[in-house]
Amino acid sequence: MESERIRVAILEDQQVFREALVAVLEGAGMDVVADFGEPAPFFARVRETLPHVALVDLRLELPGWEAPTSGMSALQCLHDFFPAVKPLVLSGHREAEVVEQCLQAGAAGYLWKQNVGCAEVVEAVERVVRGERLLSTGLAWPRPEASPRGELGRLTPREREVLGYIAAGADNLRIAACLGITERTVKAHITAIYKKVGSENRTQLAVLGCQLGVQRPASL
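Quick note on the working numbering: the sequence shown kicks off at 36 and runs consecutively.
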């Protein structure tokens, strides 16, 4: 990403906060290609510009709507229709179940508005572009249920390598390309990892990899 400016889209209903984000990110040398408070124009611009990162607020109070709507649907839409765009949540919520729902929906990171500053937002965008997954200080990664002890030692070197890519947010095709193996082989490794560590889904694998400190690729 050194030769290309990072493109960012923003979905945030508070205009002052949104304008501040635009100023901070553009001041850091990034291109804000979309900044809207409503999903419809936001996704229209995302479709046109294909940003690297999308900053998404979870609570959107839209004109003409009686109650706030959730940005969770925006996360799902990004995951389903724009898989190359990495969602980064900016929210006033810090409940563990909300964080876990966002990660399950495809969020690459979660920032708690009450304790994140301008520099942290810029750094978070840069880290997400590099393929990292992150949470604000003070937020805990959801713990996989019934995860046995000594998980990392149960894995072969290749399985630990695959887990590192999963923790970095890579899909099976990207893992196969980076490791020089077939997608079928990647799936076989992931199946073996599931059996050894007891996780139930890919998000839990990614969380477990982060918790165990598995080595992740420097770039994807």
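Every residue, glycine too, gets a C-beta built ideally from N, C-alpha and C.
**Request:** Take VAL81 and list the residues in its own chain whose beta-carbon comes closer than 7 angstroms to its own, dropping the five residues that flank it on each side.
**Result:** For the purposes of this step, residue 81 is identified with residue 46 of the sequence shown, where counting begins at 1. Contacts found: ALA44, ALA69, ALA89, PHE117, VAL120.
**Item:** ARG162 versus ALA75 - alpha carbon distance
**Value:** One-based indexing of the sequence shown puts residue 162 at position 127. One-based indexing of the sequence shown puts residue 75 at position 40. Taking the straight line joining both Cα atoms gives about 27 angstroms.
**Message:** Quick check on VAL120: does DSSP put it in helix, strand or coil?
**Reply:** Taking the sequence shown and counting its residues from 1, the one referred to as residue 120 is at position 85. Three-state result, VAL120: coil.
**Prompt:** In three-state DSSP terms, what is ALA227?
**Reply:** Looking up residue 227 in the sequence shown gives position 192. The answer is helix: DSSP assigns ALA227 an H, G or I state.
**Asked** With distances taken between CB atoms, is the gap from LEU160 to TYR145 smaller than 8 angstroms?
**Response** Position 125 of the sequence shown holds residue 160. Position 110 of the sequence shown holds residue 145. It should be noted that the sequence gives Val, not Leu, for residue 160. Taking 8 angstroms as the Cβ cut-off, VAL160 and TYR145 do not qualify as a contacting pair.
**Message:** Given this structure, state the Cα-to-Cα distance separating THR226 from HIS114, to the nearest angstrom.
**Reply:** For the purposes of this step, residue 226 is taken as the residue at position 191 of the sequence shown. For the purposes of this step, residue 114 is taken as the residue at position 79 of the sequence shown. Spanning the two alpha carbons is a distance of roughly 22 angstroms.
**Request:** Give the DSSP-derived three-state secondary structure of ARG193 in the structure shown.
**Result:** For the purposes of this step, residue 193 is taken as residue 158 along the sequence shown, with counting starting at 1. Looking at ARG193 - three-state DSSP - the assignment turns out to be helix.
**Asked** Does DSSP classify LEU95 as helix, strand or coil?
**Response** Here the question's residue 95 lines up with position 60 in the sequence shown. DSSP, read as helix, strand or coil, puts LEU95 in strand.
**Asked** How would you label ARG42, buried or exposed, when you count the other beta carbons within 10 angstroms and need 16 or more for buried?
**Response** Start at 1 with the first residue of the sequence shown, and residue 42 comes out as number 7. By the neighbour-count definition (other C-beta atoms within 10 Å, threshold 16), ARG42 is a buried residue.
**Item:** Per-residue DSSP class, three states only, for SER234
**Value:** Here the question's residue 234 lines up with position 199 in the sequence shown. Three-state result, SER234: coil.
**Item:** Inter-residue Cα distance where the pair is HIS224 and ALA205
**Value:** As a working note, residue 224 is residue 189 in the sequence shown. As a working note, residue 205 is residue 170 in the sequence shown. Rounded to whole angstroms, HIS224 to ALA205 spans 14 angstroms at the Cα level.
**Prompt:** What's the gap between the Cα of SER234 and the Cα of LEU56?
**Reply:** Numbered from its first residue, the sequence shown carries residue 234 at position 199. Numbered from its first residue, the sequence shown carries residue 56 at position 21. Approximately 37 angstroms, taken between the alpha carbons.
**Message:** Nearest by alpha-carbon distance to VAL197: which of PHE78, ILE228, GLY141, LEU95 is it?
**Reply:** Translated into the one-based positions of the sequence shown, residue 197 becomes position 162. VAL197 has its Cα closest to that of ILE228, out of PHE78, ILE228, GLY141, LEU95.
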